[in-house]
Every structure is written in C-alpha cells, then in structure tokens.
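Protein sequence lines, in the order shown, are assigned to chains A and B.
Residue numbering for the first sequence follows my numbering, starting at 593 and increasing by one per position.
Residue numbering for the second sequence follows my numbering, starting at 16 and increasing by one per position.
Beta carbons are placed, not taken as given, at the ideal position from N, Cα and C, and that holds for glycine.
Just so you know, these numbers come straight off a predicted model, no measurement behind them.
Reviewing the structure listed below.
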Amino acid sequence: MSSTSLRPCGDFRTTYKADQSLFPTKWIFRWSVIGLLVLLCSPLLVDEYIISLFILIGIYGIAALGLNVLVGMTGQISLGHSAFFGFGAFSSAWLNTTTEIPVLITIPLAGLMTTAVGLIFGIPAARIKGLYLAIATLASQFILEDFFARANWFTGGSSGSVAETAMFFGIPLDTDIRFFYLVLFWTVVSCIAVANLKRSRDGRALVAVRDHYLSAEIMGINLTKYRILAFGISSFFAGLGGALFGHYLGYVSAEGFTIILSIQFLAMIIIGGLGSVPGAIMGAIFIVLLPEVMEALVSLLINSAPIFSGLESGKAYIKEMSIGAAIILFLIFEPDGLAHRCGQIRKSIKLYPFSY
Amino acid sequence: MKSIVKLAAGVAVASLGVTTAKADSIFVGNLVDYTGPTAFVGKHYGPGIKDALDYINANGGISGTKIEYEQVDYAYKVPAAIATYKRWKSRKKMVALQGWGTGDTEALITFVAKDKIPVWSASYSGHLTDPTGKNPKTKKPAPYNFFYGPSYTDGCRALVQWAASDAKAKGIKDPKFVHTGDNHPYPNAPKEGCALYAKELGFKVLSPIVVPLKPGDFKAQCLTIKESGAQYAWIGNLGGSVISLLKSCNTVGTDVTYIANVWAGDHLTIKASGAKDFRFPSASPFWDSKAKGMGLIRKIHAAGSYDKSITPTHHYVRAICSVYYMKEAMEWAKANGGLTGENIKKGMYVKKDWVPVGLEEVCLPSTWSATDHRGTTVVSINKGSLVDGKAKIELETNVTLPRRDDWIGF
Chain A
593 MSSTSLRPCG DFRTTYKADQ SLFPTKWIFR WSVIGLLVLL CSPLLVDEYI ISLFILIGIY
653 GIAALGLNVL VGMTGQISLG HSAFFGFGAF SSAWLNTTTE IPVLITIPLA GLMTTAVGLI
713 FGIPAARIKG LYLAIATLAS QFILEDFFAR ANWFTGGSSG SVAETAMFFG IPLDTDIRFF
773 YLVLFWTVVS CIAVANLKRS RDGRALVAVR DHYLSAEIMG INLTKYRILA FGISSFFAGL
833 GGALFGHYLG YVSAEGFTII LSIQFLAMII IGGLGSVPGA IMGAIFIVLL PEVMEALVSL
893 LINSAPIFSG LESGKAYIKE MSIGAAIILF LIFEPDGLAH RCGQIRKSIK LYPFSY
Chain B
16 MKSIVKLAAG VAVASLGVTT AKADSIFVGN LVDYTGPTAF VGKHYGPGIK DALDYINANG
76 GISGTKIEYE QVDYAYKVPA AIATYKRWKS RKKMVALQGW GTGDTEALIT FVAKDKIPVW
136 SASYSGHLTD PTGKNPKTKK PAPYNFFYGP SYTDGCRALV QWAASDAKAK GIKDPKFVHT
196 GDNHPYPNAP KEGCALYAKE LGFKVLSPIV VPLKPGDFKA QCLTIKESGA QYAWIGNLGG
256 SVISLLKSCN TVGTDVTYIA NVWAGDHLTI KASGAKDFRF PSASPFWDSK AKGMGLIRKI
316 HAAGSYDKSI TPTHHYVRAI CSVYYMKEAM EWAKANGGLT GENIKKGMYV KKDWVPVGLE
376 EVCLPSTWSA TDHRGTTVVS INKGSLVDGK AKIELETNVT LPRRDDWIGF
C-alpha cells in the first residue's frame, strides 16, 4: 500500500485509523481536489461532445463500481449486471411518472428498488459459486430482459418508456452540461462510498469471503449474509447508474440492457483493476473511449491512403472487435488492470533512480 | 518515436478535436443498420441514401450548398442511436436526419422536436404521423417526423382490405386473421391499429404469435398458426426471420395466405424462402420497371458506390425518394429564410400531391401538412412467388385508404 502512495521516507503510521486514511498523503488529497476542480470547470474547457463522453464514463463508472464490489471485493461473479442497470433505469422512470416524485429523488430510490431485486437474485449465491453462480446470474439477465419486454405497466413493453427530465430547483437538467454536474455528484459520492466500504468491517468481511471462504467462516463471518449483501450493494450502484442513464437519454428501451453490456461491465473492471475504486473508473474511461478512438483511428487511416478505403464497411466490426481484443490483451499482459499499472509507474517514479 | 507522437496527436485531434462546419455546407446525419437485426434490408436502404446524397452533391448540392453527411451503423441499438444523435447535434450542427428503425425513431421524437431537427425515417410506424397529438391515442406528438410511403398500419390495413375481398371471393365465412412478429417496436407498430380494422371488416382476430426477429427454426410457431385455423397471417418481421418462418411453415404444411409488411417482401426474401403467392405492399417500382423516373434512379446507381453485382431492391429506390423529398424541402428552405431545421420542416408543407423532380412515376404523389404527416395512403399490393428458381413479383392491385381522423398517429 505504502509503495504506491508516494509516502515520503520516515512517514510512519502509528494507528490503524491513520493507515486506513482515504487519502494516504497530503499530495494525493491535493491532487484529488485539483482533479475535481478541473472537472467542475470542464464545461468551460471542452465542448458538449466531450462532456457527453464524461457523462457516459461517470454513469458506467458507477455501475462498474458496483460490479467491482461483487466481483473484485467478494470474489463472486455476475453476468447479469446490465439487467440490474436496466432495472434501475425503468424503476426511476416508472416511479417518476406514476408517483410524480421528482427525478432527483427517484434516482436514488431506483437504486434501492434495484437493491431489493439484486438481493432476491443474489439468494442462489448463498448456495452456489463459480461457474454455477455465473449461469444463475446469466438466468437473471434473461429473466429481467424478458420482463422488460413484457411488463407494459412498468416498462412500456417493447416500445420502452419516456424518462422525464430531472429538475433542480426549477432548472431543467436538459443539456449535457447541466446533467454532467448531476452525474459528477453521484460519481464522487459512489467512489467515496465504495472506498469507505473497503475500509469498514463489512468491507473487510467481503474481502475475507473472496480470499478464502472457509477461513472467513471459521473467523465467524456469516457467508450467506455477506454473499447476498454483496449482490445487494452491487445492484444499488447498478440501479443508480441505470437511473442516471435513463434520464440522460430521456428514453428507456429494453433493447439497451443486453448480455453484451453485462460483458462490457466485466471488461471495465478487468481492464481497470479488480477490487480497485479508481480501477473501475479507469475501466469505464477505457471502454467508453476505445470505440471513439478506434473510429477516429480508422477514419484517419481511410483518409490517409486509398489502400485503407476498404476499412469503411468494417468500421462497426473494428469497434466491436477492439473491445474483445482489449480484454484478451489485458488478461494476458496486464491481469491486474490499469490501476495496478498506475501503481507500478508511481512506484518506479518514487524509487528512481535507485530501483531495486 | 516522432511518428508515434504524430499518430497519437492525429488520433487525439480526430477523436476529440473540433469539427469546423464550412459556410457553404450543412450536415445531415444518417443512421444505418448494416450489422444488426434489420441489416437484411438495411444493407440495401443505406446505400440508397448514400448514393442519393453523393449524386446531389455532385450535381450542385442544395442550390449550391453541399450536404456533408455521416453514416453510422448503430446495429439497431437504441442507446447507440441516441448517443450518435447527441454527438451530431452538438458537434456537427446537424440540420436534418435520415433515420432508420422504429425503436430509435420513436425514442428520438422528443429530442428532435425540442432541437427542431426534421427526420426522414425508414420506419413507417403509424405513431409518427400525428404532428399535433390530435388523436387521443397518440402518446407523443411527432411534429418533426416524416417518412416516405404509407405507414406500417396503413400497409397492413390495405392488405386486410384485400384479404376481406379475397375471403369473400373464396367463400370463406368468418375469416380469421393472426399477427406474427417479434415483441419488438418494429413488428408491434401496426399490431393494434390493423387488428381493429380487421375486426371492422368482419375478421376474427386471433391472439398474436411471437416469432423472433432473428432467424431460427419456427416449426412450433407454424404449428400454432396451423392449429389456430387462421386463413390470413400477417408477417411483421423481415429478412432471415421471414425466410425461416415461411420455410418452417412449408414443412409443417400450413394452409394460410401470408400477407406481410413492406420490409418483409422483396426478391431476395421470395427467392430464399421459396414463397408462393406471398402478398406484400410497396411504395415504389422494382428495378426492372420502365417508369419515367427510373432513369434518374439508374443514373444515381451508376454514379454511386453501391455494389454493382447486386440488383437493387425496391428498398434502395425508396431510400432515394426519402432523400429527394428532403432535398426539395431544403431547396425551399434555402430560398425562404435559410437552411434551418424549422424552415426545412416548413418546406415539407408547401407542395401538394408532390413528386420530386425527375422521379415521376417512381415516388408516389405525397402531401404533408402541419396537422397530418401521412404523406400517402396509396398502397400497392404485390404478389410474389418463386417460379423456376426466380422470384416473380406482380402488382395485384392499388388500394387507396381514406384519411380517417381516428387513424392518424395510429
């Protein structure tokens, strides 16, 4: 831990509390504040398209954080995360239109509704694990997808439902810039919440379940409780992200929450780093930007020489394939993810020129 | 190292950089499905849009203004379509959109109305025809949505009307009608409106049968059709799914007359499925037609980049009509206040019974008004069969439906 925090020599921790600080050094705290200030000012620096990418990164990042609690911290697997993401989107739209509760409140409420659903679908986790659990969560994906297409009262059926614009004290959050601040708020809150969870007694119990379930049980950790709890927490963040997604697009469609998105969430945490809070956000950045960069790269190649003109028809394939290729390459060359790589870079800077 | 830096800089500029709109050009977005569930017909419609836009640009553009455009294959993923729309709106200053599917077009209704961006979709969902919310059943008024041709519901109504007279001629008492299609916005669009009209004409309307949009073995669905005793089955899907359904039903041995949506009938589907007396609507001539305006269609095709080894379907022709209506509305807008989305929309209302110049006998005379976006209610009904290994398509009749108030937006 200390090796990645650029902690100066001689800066020793004498209490557990000090060792568990959210910001291990003053500079990490300062850089976090500077980063946040830059993000707050970013609408002045970049155009709306970049802001829309930030919004997607924030939304997917929140959902990926949830999946990281389940997979990275607790060592369970879920192939149904996008269904919970979708459930959050539909829940918020449904709550708002049927009860007229303001959107800003239905967003966290949708997270709670999704938590309830996640706890139910998490029950099998108390009894099964590994491949069996993966298939059970896959079943939850299919059950919820079918539910979305049929439950007209809740989702609008195959036609989808309209998600109203969020209002902040009479100001409609109907532009990308305004909505960006809402997403930024929830992203920061979610990151702090998960980072705190990692430091808490329950968080350590989840890690113990991941590291060795038998030892954890012998230590007195209730395996059933914590395995199901992990599903609940994970679903909360999926629902929260989904609700933001629904109100951002203004429309929720059953087609948007397929197994492909579930796999993309898994890709985010693998690429970013299992169990790491910044890793989940880094993974979301990678997955959101990769297709954009690939499109730009292919366009550049097509425009640069006639020999590449044949790539025009294959653009869509290249974008899809690049995500798959990235997952494979990360699994082979960087299994600990981008967060680990960043740690390595920081460590080498700290030790330079006397690395050993 | 320098080349890597240059390449990285290039990528960064291209992906994050600023798009500068030229003063003498406007931007039109084009959503296409080349890899998703509707790609079977998307691969023929999309090139029609591209070739038409290229031809317009090569021949003076919009009274001198060039149309910049971008085709994005969104694979019928509604969120991807919305994200692309947002990018075009904020980055490219889009003034108009050539859209595609029912799911994304219906999802974009509110956005395009707010942003004042007219859309010519390849979805002919009846929900898009009510610009003011006149019909109490209209969920969302669609003031900026247009499409060329009869709506899906009107296409289905015309075929139901034909089926009623066919049943009478065959002496079928109390004929039965069944809707088949996926639980998906596109096949569902005409379900309710068409079933109501079928009831009006004396049909017994059976429970719809869900047939996936992806191809597969549909013998179970065919057995259900057979057991239901339906004489007329509406096919709401397209492409591979229709081929699979017709083949499966041939194996099962159903005695049903299949009537279908405009995207479900073309040479490719008839040939691949071995269809017999398969009825489907159209709104433009087929490639071998000698219609007056086919000269321009062939010129556009010859100059375009569409694969010349493939005979264009009527979907390709319809795409050109869609672009040319947009072109003439833009020409009016340019002469009357400028090329803004709002003006282009006004340009759609100026002419009555209107056929774009050069496309006579190809595009049906159409009229759009501020209160009614049903361009045309004339439906050509075709009969297609596989004869000696070739798809044979004959025009059976033209049905002109009334513009009933209770049918608008429905």
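Going by C-alpha positions, A:Ala675 is about 39 Å away from A:Ala610.
Close to chain A, meaning a Cβ-Cβ distance shorter than 9 Å, are the following residues of the segment 89–103 of chain B: Tyr89, Ala90, Tyr91, Lys92, Val93, Pro94, Ala95, Ile97, Ala98, Lys101, Arg102.
With distances taken between CA atoms, A:Leu836 lies nearest to A:Leu696 out of A:Ile620, A:Phe615, A:Leu696.
Here the C-alpha atom of A:Pro716 lies approximately 41 Å from the C-alpha atom of A:Ile642. For A:Ser792, there are no CB contacts under 6 Å within the same chain when 5 residues up- and downstream are skipped. Within chain A, the residues Ser750, Ser751 have their CB atoms less than 7 Å from the CB of B:Pro200, given in chain order. At the C-beta level, B:Ala248 and B:Val225 stay beyond 7 Å of one another. Residue state for A:Met811 is assigned as coil, using DSSP reduced to three classes. Under the Cβ criterion of 7 Å, B:Asn397 is not counted among the residues facing chain A. Taking 7 Å as the cut-off, the beta carbon of B:Leu46 is found closer than this to the beta carbon of B:Ala96. Taking CB atoms only, A:Gly653 has no neighbour in chain B less than 7 Å away. One thing to note: B:Gly308 has its Cβ no nearer than 7 Å to the Cβ of B:Leu379. Counting along the chain, B:Trp177 sits inside the alpha helix (DSSP H) bounded by residues 167–185.
Residue-level contact by beta carbon holds for A:Leu841 and chain B, with a gap shorter than 7 Å. The residue among B:Lys361, B:Gln246, B:Cys171, B:Thr386 with its C-alpha nearest the C-alpha of B:Pro202 is B:Cys171. Proximity of chain A to B:Ser324 at the Cβ level (cut-off 8 Å) is not reached, the minimal Cβ distance being about 15 Å.
Relative to A:Leu765, the option among A:Ser683, A:Pro694, A:Asp738, A:Ala655 whose CA is nearest is A:Pro694.
Under the DSSP assignment, B:Trp115 falls outside any beta strand (DSSP E); it carries neither an H nor an E label.
Counting only residues of its own chain and dropping the five nearest sequence neighbours on each side, A:Leu631 has a CB closer than 8 Å to the CB of Phe646, Leu776. Taking a 10 Å sphere around the C-beta of B:Arg419, we find fewer than 16 other C-beta atoms and assign the residue as exposed.
Under the three-state reduction of DSSP output, A:Leu631 falls in the helix class. Here B:Ala98 is buried, its C-beta having at least 16 other C-beta atoms within 10 Å. Rounded to whole angstroms, the Cβ separation of B:Leu283 and B:Pro52 is 16 Å, and the two are not in contact under 8 Å. Counted as a single uninterrupted DSSP element, the alpha helix (DSSP H) harbouring B:Asn358 occupies residues 356–362. Secondary structure within the segment 86–146 of chain B: the alpha helix (DSSP H) runs of 4 or more consecutive residues, fully enclosed, are 93–102, 117–130 (chain order). Pairing A:Pro898 with A:Ile852, the inter-Cα distance amounts to about 34 Å. The distance from the Cβ of B:Gly164 to that of B:Gly390 is about 7 Å, consistent with a contact at the 8 Å cut-off.
In this model, B:Gly79 and B:Asn72 are separated by some 9 Å (Cα to Cα). Residue-level contact by beta carbon fails for B:Asn74 and chain A, as no gap is shorter than 7 Å.
At a cut-off of 7 Å between beta carbons, A:Ala741 contacts chain B. At a C-beta separation below 7 Å, A:Tyr641 has these neighbours in chain B: Arg102, Ser105, Arg106. Closer than 7 Å at the C-beta level to chain B, one finds these residues of the segment 827–860 of chain A: Leu841, Gly842, Tyr843, Ser845, Glu847, Gly848.
Along the segment 114–145 of chain B, the positions whose C-beta sits under 7 Å from a C-beta of chain A are Gly118, Glu121, Ala122, Thr125, Phe126, read in chain order. Excluding residues up to 5 positions away in sequence, Thr328 lie with their Cβ nearer than 6 Å to the Cβ of B:Asp281 in the same chain. Between B:Asn276 and chain A, the shortest Cβ-Cβ separation is not below 7 Å. Look at the beta carbons and you see the segment 812–821 of chain A touching the segment 715–730 of chain A: at least three pairs across the two are nearer than 8 Å.
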